Amino acid sequence: MKLLVTGGAGFIGSNYVHHRLVAHPDDEIVILDKMTYAGRPENLEGLPEDRFRLVEGDIADRDIVHSALDGCDALINFAAESHVDRSIEAPGEFITTDVFGTFVLLEAARDLGIRHLQISTDEVYGSIDEGSFTEQSPIEPSSPYSASKAGGDLIVRAFNHTYDADALVIRASNNYGPRQHPEKLIPLTILNALHGDSIPVYGNGMQVRNWLFVQDFCTAIDTVFDKGEAGQVYNAGGPDELPNIEVVMTILRLAGADESLITHVGDRLGHDVRYSLGSERTEGLGWRAQVSFEDGIGRTVAWYRDNEDWWQSLRAGEYREYYERQYGTRLGS
Ligand code: NAD
Ligand code: TYD
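For the sequence shown, counting from 1, position 206 maps to 797 in the numbering used here; every step adds exactly one.
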């Protein structure tokens with residue numbers, strides 16, 4: 592099979608490409624990636640040169656999408672602006688990529704009659720105080736990020752319903768693992784802990800996230816890609832739900848850093864208090880998350896410890912300016 596993987600140079604997309612080319616030794620992959628601050632050539636190191644090709648371009652550009660799709664049997668769309676805090680700062684790119692870009696891909700896949708698997712998030716359901724979201728839960732996104740992802744998901748639904756397009760959605764809970772950009776809580780905490788820098792915890796730190804190790808998400812994507820029904824939504828939730836403060840304390844312990852680094856800072860605007868995702872439908876297709884948080888977080892801290900080259904250059908560039916804007920005043924530095 593020849594697959595188009597959009598956003599394949601980012602965190603989850605690159606983990607998926609590495610996974611797929613090992614799990615499916617006859618597959619070829621074309622990666623279409625705009626190489627934003629989140630897309631990194633380093634993420635593609637070690638891939639078999641003869642079985643993947645990187646096309647640098649925007650999923651919102653029809654011509655590039657059509658040429659990248661040449662000869663492809665299906666597409667998986669990971670490409671997105673993905674960070675809630677950046678969506679609060681500047682929502683425009685989120686609408687362009689996550690909504691309009693998804694539409695461009697859907698139209699191209701529909702015209703070619705190929706499968707479009709949309710990678711989405713539990714954040715489209717909003718926040719839940721008790722119990723877990725199912726695929727029947729209403730869509731009630733709270734942030735510009737989650738609203739733009741919900742927009743993409745709804746266009747998938749409409750394309751299936753209206754044109755019988757072979758399009759479907761998988762929604763994951765918070766992912767973590769190797770190669771995640773340090774703007775997100777877990778890698779930010781790991782890198783700050785390794786450097787002895789303050790760790791910004793929003794509000795009281797009691798917000799709960801449902802953590803899924805990225806390798807488990809890769810197997811969920813394979814399962815839904817192979818067995819999922821067009822027009823359906825499939826949830827993939829992690830095995831553990833933890834308050835942020837507990838996640839931070841665990842990382843500090845693993846990194847051998849002191850709890851005094853924890854600094855409670857002003858809360859995120861419109862912060863979702865709790866996510867919890869039920870995965871019965873996807874489990875019905877034979878998928879199970881295998882990696883506990885305890886196991887996965889140990890592997891993740893070890894990866895960042897062992898891969899300083901990956902993050903050294905990152906910390907010096909655009910991220911430094913972002914960090915200053917986001918945390919400079921809040922941390923009082
Ligand atoms: P990421 O920010 O690490 O990577 C996004 C990738 O998309 C980057 O390589 C970037 O260059 C590329 N990209 C951005 N705009 C583009 C455009 N217009 N055209 C082409 N490429 C573009 O994100 P991630 O964490 O790997 O998330 C991947 C997908 O999974 C996203 O759709 C996200 O909404 C979804 N998701 C993420 C999580 C999570 O916890 N990270 C959880 C559930 C779902
Ligand atoms: P994040 O990794 O940004 O993922 P999401 O907002 O998509 O769930 O944040 C995870 C949780 O950690 C969320 O409740 C916000 C919180 N958080 C902090 O407390 N401090 C931080 O510096 C960051 C980035 C996040």
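Think of the CB as a built atom: it goes at the ideal place given N, C-alpha and C, for glycine as much as any other residue.
It should be emphasised that the depicted structure is a prediction, and the values quoted were computed from it without experimental measurement.
Is residue i a contact residue of the ligand TYD, with contact defined as CB to any heavy atom under 7 Å?
{"i": "histidine 615", "result": "no"}
{"i": "valine 792", "result": "yes"}
{"i": "glycine 861", "result": "no"}
{"i": "leucine 833", "result": "no"}
{"i": "glutamate 672", "result": "no"}
{"i": "aspartate 676", "result": "yes"}
{"i": "asparagine 795", "result": "no"}
Please state whether the Cβ-Cβ distance between residue i and residue j is less than 8 Å.
{"i": "phenylalanine 816", "j": "isoleucine 603", "result": "no"}
{"i": "valine 792", "j": "valine 864", "result": "no"}
{"i": "serine 739", "j": "valine 690", "result": "yes"}
{"i": "glutamate 684", "j": "glutamate 672", "result": "yes"}
{"i": "isoleucine 746", "j": "threonine 688", "result": "no"}
{"i": "glycine 869", "j": "glycine 819", "result": "no"}
{"i": "leucine 666", "j": "alanine 700", "result": "yes"}
{"i": "tyrosine 895", "j": "tryptophan 902", "result": "yes"}
{"i": "arginine 800", "j": "asparagine 835", "result": "yes"}
Going by alpha carbons, who is nearest to residue i out of the options?
{"i": "isoleucine 655", "options": "Leu696, Leu612, His772", "result": "Leu696"}
{"i": "glycine 601", "options": "Ser739, Asp849, Glu774", "result": "Glu774"}
{"i": "leucine 876", "options": "Ala665, Ile761, Ala784, Glu698", "result": "Ile761"}
{"i": "tryptophan 802", "options": "Gly819, Ile777, Gly796, Thr814", "result": "Ile777"}
{"i": "aspartate 900", "options": "Ile836, Lys593, Ala846, Asn634", "result": "Asn634"}
{"i": "threonine 753", "options": "Leu594, Ala821, Arg879", "result": "Ala821"}
{"i": "proline 682", "options": "Ser733, Ala700, Arg701", "result": "Ser733"}
{"i": "glycine 748", "options": "Gln771, His707, His786", "result": "The sequence given here places arginine at residue 748; glycine does not occur at that position. Taking only the C-alpha atoms, the option nearest arginine 748 is His707."}
{"i": "tyrosine 825", "options": "Ala758, Ala848, Asp664", "result": "Ala758"}
What is the rounded straight-line gap between the Cα of residue i and the Cα of residue j?
{"i": "alanine 811", "j": "aspartate 624", "result": "22 Å"}
{"i": "arginine 916", "j": "isoleucine 705", "result": "42 Å"}
{"i": "glutamine 798", "j": "glycine 662", "result": "45 Å"}
{"i": "isoleucine 719", "j": "isoleucine 730", "result": "12 Å"}
{"i": "proline 830", "j": "phenylalanine 884", "result": "7 Å"}
{"i": "aspartate 788", "j": "serine 678", "result": "25 Å"}
{"i": "isoleucine 622", "j": "glutamate 640", "result": "12 Å"}
{"i": "isoleucine 891", "j": "leucine 860", "result": "Here residue 891 is threonine; the residue named in the question, isoleucine, does not match the sequence. Looking at the two C-alpha atoms, the distance is approximately 28 Å."}
{"i": "phenylalanine 643", "j": "aspartate 813", "result": "18 Å"}
{"i": "glutamate 647", "j": "aspartate 755", "result": "30 Å"}
{"i": "tyrosine 918", "j": "glutamate 837", "result": "21 Å"}
{"i": "serine 867", "j": "threonine 725", "result": "9 Å"}
{"i": "glutamate 714", "j": "tyrosine 628", "result": "22 Å"}
{"i": "leucine 638", "j": "asparagine 668", "result": "19 Å"}
{"i": "leucine 703", "j": "aspartate 744", "result": "20 Å"}
{"i": "histidine 855", "j": "alanine 784", "result": "15 Å"}
{"i": "isoleucine 710", "j": "leucine 852", "result": "35 Å"}
{"i": "glycine 857", "j": "leucine 922", "result": "9 Å"}
{"i": "alanine 670", "j": "aspartate 664", "result": "18 Å"}
Is it the case that the CB of residue i approaches a heavy atom of the ligand NAD more closely than 7 Å?
{"i": "histidine 926", "result": "Outside the displayed range of the chain (592 to 924) lies residue 926, so it cannot be described from this structure."}
{"i": "threonine 627", "result": "yes"}
{"i": "threonine 780", "result": "no"}
{"i": "leucine 745", "result": "no"}
{"i": "phenylalanine 669", "result": "yes"}
{"i": "serine 711", "result": "yes"}
{"i": "glycine 801", "result": "Residue 801 is actually asparagine in this sequence, not glycine. Checking the Cβ of asparagine 801 against the ligand NAD gives no."}
{"i": "phenylalanine 694", "result": "no"}
{"i": "isoleucine 686", "result": "no"}
{"i": "alanine 651", "result": "yes"}
{"i": "threonine 810", "result": "no"}
{"i": "alanine 600", "result": "yes"}
{"i": "leucine 776", "result": "no"}
{"i": "threonine 597", "result": "yes"}
Identify, in the order they occur along the chain, each residue of the same chain with its Cβ nearer than 7 Å to the Cβ of residue i, setting aside the five sequence neighbours on each side.
{"i": "glutamine 881", "result": "Asp807"}
Here's a check: name, in chain order, each residue in its chain whose Cβ is nearer than 6 Å to the Cβ of residue i, leaving out the five neighbours to either side.
{"i": "arginine 653", "result": "Val695"}
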